[in-house]
Amino acid sequence: MLDLVTLVGGHTIGTAACALFSYRLYNFNNTNKPGPDINPTFLTQLRVLCPNGGDALRRTRRFVQRFLGGRGQTESRFNAEFGRAMVKMGNIDVKTGRQGEIRRLCTATN
């Protein structure tokens, strides 16, 4: 789990992404309603992470700091953890051919 949080912390997942899709959570096609294709349970979770007009960056930083328990608060420590997690992820045995699947749409199996 530490690797996942470290890798997520290295990107803007939950931060910049909110600005790109929050209209779908609150005002899809100027209807003041969410997009009709969003799963209601997932919608609730996304709205917590991306409050309407809120500061997702502050919320994400607090979550990550609490989760890491102080282990990732310095830049040098984070860089070391991030590098270790990237190497570990790079060593994952990728399944190819009939054993694996490259999804055409990341949210569904082919």
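Number 83 in full-length UniProt numbering belongs to position 83 of the sequence shown; there are no gaps in the numbering.
Using N, Cα and C, we set each Cβ at its ideal position, and we do this for glycine too.
Next on the checklist: In the DSSP output, which residue or residues are listed as bridge partners for LEU105?
Outcome noted: DSSP links LEU105 through a beta bridge to ALA108.
Checklist entry - For the 8 Å Cβ check, are there 3 or more pairs between the stretch 15-29 and the stretch 42-50? => result yes
Item to check | Presumed contact (8 Å Cβ cut-off) between MET89 and LEU25, rounded CB distance | outcome: The Cβ separation is near 29 Å, so there is no contact.
Item to check | Other residues of its chain near LEU43: CB distance less than 7 Å, five sequence neighbours each side excluded | outcome: LEU25, PRO34
Checklist entry - Which whole-angstrom value is the C-beta distance of ASP3 and ALA85, which I expect to be below 8 Å? => result About 4 Å; that satisfies the 8 Å criterion.
Next on the checklist: Quick check: what's the CA-CA separation for PHE78 versus ILE92?
Outcome noted: PHE78 and ILE92 have their alpha carbons spaced roughly 21 Å apart.
Next on the checklist: To the nearest angstrom, how far is the alpha carbon of LEU105 from that of ASP37?
Outcome noted: 15 Å
Next on the checklist: Output needed for LEU46: all residues of its chain with C-beta closer than 7 Å, excluding positions within five of it in sequence on either side, in chain order.
Outcome noted: LEU25
Checklist entry - So GLU101 packs on THR107, CB below 8 Å; how close in whole Å? => result Not quite, the Cβ-Cβ distance comes to about 13 Å (not below 8 Å), so this is no contact.
Checklist entry - How is THR41 classed by DSSP in three states: helix, strand or coil? => result helix
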